[in-house]
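First comes the structure, then the notes that go with it.
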Amino acid sequence: MEGVKAIEWVNGRVRLLDQTRLPHQEMYLELEDYHQMAAAIREMRVRGAPLIGIAAAYGMALGARHIETSSMHDFLAQLRPIAEALAATRPTAVNLSWALKRMTLAAEAALDPQAAREALVTEALRIHQENADADRRLGQHGAQLIPAGSAVLTHCNTGSLATGGYGTALGVIRTAWEQGRVSRVYFSETRPLLQGARLTAWELARDGIPATLIPDSAAGFLMRRVAIACVIVGADRIAANGDVANKIGTYTLAVLAKEHAIPFYVAAPTSTIDLATASGDQIPIEERPAEEVTTFAGVAVTPAGIEALNPAFDVTPHSYIAAIISERGTAREPYARSLQQLFQQEGVRHG
Ligand code: MRU
0 MEGVKAIEWV
10 NGRVRLLDQT
20 RLPHQEMYLE
30 LEDYHQMAAA
40 IREMRVRGAP
50 LIGIAAAYGM
60 ALGARHIETS
70 SMHDFLAQLR
80 PIAEALAATR
90 PTAVNLSWAL
100 KRMTLAAEAA
110 LDPQAAREAL
120 VTEALRIHQE
130 NADADRRLGQ
140 HGAQLIPAGS
150 AVLTHCNTGS
160 LATGGYGTAL
170 GVIRTAWEQG
180 RVSRVYFSET
190 RPLLQGARLT
200 AWELARDGIP
210 ATLIPDSAAG
220 FLMRRVAIAC
230 VIVGADRIAA
240 NGDVANKIGT
250 YTLAVLAKEH
260 AIPFYVAAPT
270 STIDLATASG
280 DQIPIEERPA
290 EEVTTFAGVA
300 VTPAGIEALN
310 PAFDVTPHSY
320 IAAIISERGT
330 AREPYARSLQ
340 QLFQQEGVRH
350 G
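Numbering of the sequence shown is given in numbering that gives the first Met the number 0, commencing with residue 0 and proceeding in unit increments.
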């Protein structure tokens, strides 16, 4: 499944798989400037926390190509609004600002604009490669938590389409499947944009992993009737105390898992951990247009004038989380200490 290239830097442009068209069409977009990248992130043509960070990094490299000046001071002054425009696209996934910060530092270290343009491409490619490597390592750590022959439940899409690599929660599931630990994957449709039904289904079918789609609202029924070994999800931002922001519906699954004594795991690279945010209460939660809820496939399903609340994410308090799996190892309670320890290991960058 790493054969799927959700995003790629090709000859000074970005080739992007348009995820809004999946599963029916595999359509690629060729992006030439950062405005197009900002729109693609906002419209969720590219999505998933790690992939949003990678996309923003490539977006900055694209933007730098169009800055015409020989002064480094002017170059950096013109780069700033590009980073700000990309940062403003989606507020919850911290991978976005994390990647933009790394890109800014790479440009600042260059001696002249041409060297900075090249450094930005190199840094974006490095961020992409590091994410893919992290997926592989966290997959290995996470698979150890899954007993042989398990049925597991996951939410949203956390695979190659969300990370540009092997996936986070889906990467753990893939690794565990290869090791004979997974007998079946249950996955929720993920209303209202159906990342589960459209994207996770597409990835699991390509891999030939036995899988069953459930409506979001069937999770409680499933946990009562089927022996689910664990729930495993990704994350958009993990606060210093271990609270996790992830796709709306994650908190509901965590509460249900606790009620049924099912371990609830979160898989994410360390670039998703935000030690500068003390708890989940401080994580900004993106609210998306009401029409995503009041319509289905472009057709209105409510009477005109109905108001709808459409938060894209929710926060699961750390007390519901049995373990947070990263490429640096697995953290458990007390998260305030164990997450810090992941960063104390040599060579980890964080903002
Ligand atoms: O709104 P999306 O589709 O970008 O949300 C994606 C999620 O919530 C994922 O679970 C999260 O980004 C982790 S992806 C590895």
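Note that the Cβ used here is the ideal one computed from N, Cα and C, for glycine as well.
Assign Gln343 to one of two classes, buried (16 or more other C-beta atoms within 10 Å of its C-beta) or exposed (fewer than that).
Here residue 343 refers to the residue found at position 344 when the sequence shown is read from its first residue. Exposed: under 16 other Cβ atoms inside 10 Å.
9 Å Cβ cutoff met for Pro268 and Gly163: For the purposes of this step, residue 268 is taken as the residue at position 269 of the sequence shown. For the purposes of this step, residue 163 is taken as the residue at position 164 of the sequence shown. Not a contact, by the Cβ cut-off of 9 Å.
Legend entry - First and last residue of the uninterrupted beta strand (DSSP E) at Asn156: Counting from one through the sequence shown, the residue named residue 156 turns up at place 157. Per DSSP, Asn156 lies in no beta strand (DSSP E) and is assigned neither H nor E.
Rounded to the nearest angstrom, what separates Gln339 and Ile305 at their Cα positions?
Position 340 of the sequence shown, counted from the start, is the residue given in the question as residue 339. Position 306 of the sequence shown, counted from the start, is the residue given in the question as residue 305. Approximately 45 Å, taken between the alpha carbons.
Out of Ile261, Ala204, Gln194, point me to the one whose CA is closest to Val225's CA.
Within the sequence shown, numbered from 1, the residue matching residue 225 stands at position 226. Relative to the Cα of Val225, the nearest Cα in the group Ile261, Ala204, Gln194 belongs to Ile261.
message = Would the region 132-152 count as touching the region 92-101 if we require 3 or more Cβ pairs under 8 Å?
response = Not touching, per the Cβ criterion.
Practice task
Locate the beta strand (DSSP E) running through Glu326, then write down its first and last residues.
Solution key: Here residue 326 refers to the residue found at position 327 when the sequence shown is read from its first residue. Unbroken run through Glu326: none, as it is neither H nor E.
| task | May I ask you to report which of helix, strand or coil DSSP gives Ala218? | result | If you number the sequence shown from 1, residue 218 lands on position 219. Note: Ala218 maps to helix in three-state DSSP.
Determine the extent of the beta strand (DSSP E) in which Leu21 is found, giving its start and end residues.
-> In the sequence shown, residue 21 corresponds to position 22, counting from 1. First-last for Leu21: undefined, no H or E at that position.
* Let me know the secondary structure DSSP gives Lys257 once reduced to three states. => The residue given as residue 257 occupies position 258 in the sequence shown. Secondary structure at Lys257: helix, using DSSP grouped into helix, strand and coil.
Cβ neighbour criterion (16 or more within 10 Å) applied to Thr174
Counting from one through the sequence shown, the residue named residue 174 turns up at place 175. With 16 or more other Cβ atoms within 10 Å, it is buried.
Practice item. Label Gly166 either buried or exposed according to how many other C-beta atoms from any shown protein chain fall within 10 Å of its C-beta, with 16 as the threshold for buried. Key: Within the sequence shown, residue 166 is the residue found at index 167, counting from 1. Buried: at least 16 other Cβ atoms inside 10 Å.
CA-CA distance, Asp73 and Asp17?
-> On the sequence shown, residue 73 is found 74 positions in, with the first residue counted as 1. On the sequence shown, residue 17 is found 18 positions in, with the first residue counted as 1. Rounded to the nearest whole angstrom, the CA to CA distance from Asp73 to Asp17 is 34 Å.
*asked:* Rounding to the nearest angstrom, what Cα-Cα distance links Ala228 and Ala82 in this structure?
replied: Taking the first residue of the sequence shown as 1, we reach residue 228 at position 229. Taking the first residue of the sequence shown as 1, we reach residue 82 at position 83. The alpha-carbon atoms of Ala228 and Ala82 are separated by roughly 42 Å.
| task | Determine the DSSP secondary structure at Gly350, reduced to helix, strand or coil. | result | Your numbering for residue 350 matches position 351 in the sequence shown. Because the pLDDT of Gly350 is 39, which lies under 50, any placement of that residue in the model is unreliable, and the number read from its coordinates should be weighed accordingly. Under the three-state reduction of DSSP, Gly350 is assigned to coil, being neither helix nor strand.
In the DSSP assignment, what are the bridge partners of Arg236? Locating residue 236 in the sequence shown gives position 237, counting from the first residue. Note: Arg236 sits in a beta bridge opposite Ala244.
**Request:** May I ask you to check if the CB of Cys229 is nearer than 8 Å to at least one heavy atom of the ligand MRU?
**Result:** The residue labelled residue 229 in the question sits at position 230 within the sequence shown. With a cutoff of 8 Å, Cys229 does not count as near the ligand MRU, since its C-beta is closer than that to no heavy atom of the ligand.
- Query: Near Asn240, what residues of its chain come up, given a Cβ to Cβ distance below 7 Å and the 5 sequence neighbours on each side ignored?
  - Reply: To locate residue 240, count along the sequence shown from 1; it is residue 241. Around Asn240: Ala277, Ser278, His317, Tyr334, Ala335.
Within its chain, find whatever has a CB closer than 6 Å to the CB of Arg190; leave out the 5 residues flanking it on each side and keep chain order. Along the sequence shown, read from residue 1 onward, the residue named residue 190 stands at position 191. In chain order, Asp215 place their CB closer than 6 Å to the CB of Arg190, counting only its own chain and leaving out the 5 sequence neighbours on each side.
Let's see if you can read the secondary structure: which residues bound the alpha helix (DSSP H) around Ser337?
Locating residue 337 in the sequence shown gives position 338, where the first residue counts as 1. For Ser337, the enclosing alpha helix (DSSP H) starts and ends at 334-343.
Original post:
The beta strand (DSSP E) with Ser96 in it runs from where to where?
Top reply: Taking the sequence shown and counting its residues from 1, the one referred to as residue 96 is at position 97. Per DSSP, Ser96 belongs to no beta strand (DSSP E); it is in the alpha helix (DSSP H), 93-107.
### Query
Can we count Ile51 as close to the ligand MRU, meaning its CB is less than 8 Å from some heavy atom?
Indexing the sequence shown from 1 puts residue 51 at position 52. At least one heavy atom of the ligand MRU is nearer than 8 Å to the Cβ of Ile51, so yes.
Below 8 Å, is the gap between the Cβ of His154 and the nearest heavy atom of the ligand MRU? As a first step, residue 154 is located in the sequence shown; it is residue number 155 there, counting from the start. Yes, since a heavy atom of the ligand MRU falls inside the 8 Å radius drawn around the Cβ of His154.
Going by alpha carbons, who is nearest to Ile172 out of Gln194, Leu193, Thr199?
Numbered from its first residue, the sequence shown carries residue 172 at position 173. Per the Cα distances, Thr199.
Figure out for me which residue from Leu21, Pro22, Ala5, Arg20 has the closest Cα to the Cα of Arg14.
If you number the sequence shown from 1, residue 14 lands on position 15. Selected option, being the one with the closest Cα: Ala5.
- Query: Using the beta-carbon count (16 or more within 10 Å), is Gln194 buried or exposed?
  - Reply: By one-based count along the sequence shown, residue 194 stands at place 195. Buried is the call here.
**OP:** State whether the region 233-248 contacts the region 279-286, with contact taken as three or more CB pairs (one from each stretch) at a distance under 8 Å.
**Re:** Touching, yes, given that three or more Cβ pairs across the two stretches are closer than 8 Å.
Under a three-way DSSP split, which group does Tyr33 fall into?
As a first step, residue 33 is located in the sequence shown; it is residue number 34 there, counting from the start. Assigned with DSSP and collapsed to three states, Tyr33 falls in helix.
(Q) Using only the alpha-carbon positions, how far apart do Thr91 and Leu308 sit? (A) As a working note, residue 91 is residue 92 in the sequence shown. As a working note, residue 308 is residue 309 in the sequence shown. Rounded to the nearest angstrom, the gap between the Cα atoms of Thr91 and Leu308 is 17 Å.
(Q) Considering only the alpha carbon of each residue, which of Arg327, Ala330, Gly52 lies closest to Ala161? (A) On the sequence shown, residue 161 is found 162 positions in, with the first residue counted as 1. Of Arg327, Ala330, Gly52, the residue nearest in Cα terms is Gly52.
Based on the DSSP secondary-structure assignment, which residues constitute the bridge partners of Val9?
-> The count along the sequence shown starts at 1 and reaches residue 9 at position 10. Residue pairing from DSSP places Val9 in a beta bridge opposite Arg12.
Review point. From what residue to what residue does the alpha helix (DSSP H) around Asp313 run?
Key: Along the sequence shown, read from residue 1 onward, the residue named residue 313 stands at position 314. From DSSP, Asp313 is part of no alpha helix (DSSP H) but of the beta strand (DSSP E) over 312-315.
Would you call Arg348 buried or exposed, if buried means 16 or more other Cβ atoms sit within 10 Å of its Cβ?
Here residue 348 corresponds to residue number 349 of the sequence shown, with the count starting at 1. Annotation note: pLDDT 49 at Arg348 (below 50); position unreliable, coordinate value reported separately. By the neighbour-count rule (16 or more Cβ atoms within 10 Å), Arg348 is not buried but exposed.
Tell me whether Ala54 is buried or exposed, calling it buried when 16 or more other Cβ atoms sit within 10 Å of its Cβ. For the purposes of this step, residue 54 is taken as the residue at position 55 of the sequence shown. Buried is the label assigned to Ala54, since at least 16 other Cβ atoms lie within 10 Å of its Cβ.
At what residue ranges does the region 164-226 contain a whole run of the alpha helix (DSSP H), taking only runs of 4 or more?
If we require 4 residues or more, the alpha helix (DSSP H) runs fully inside the region 164-226 come out as 168-177, 200-206, 218-224.
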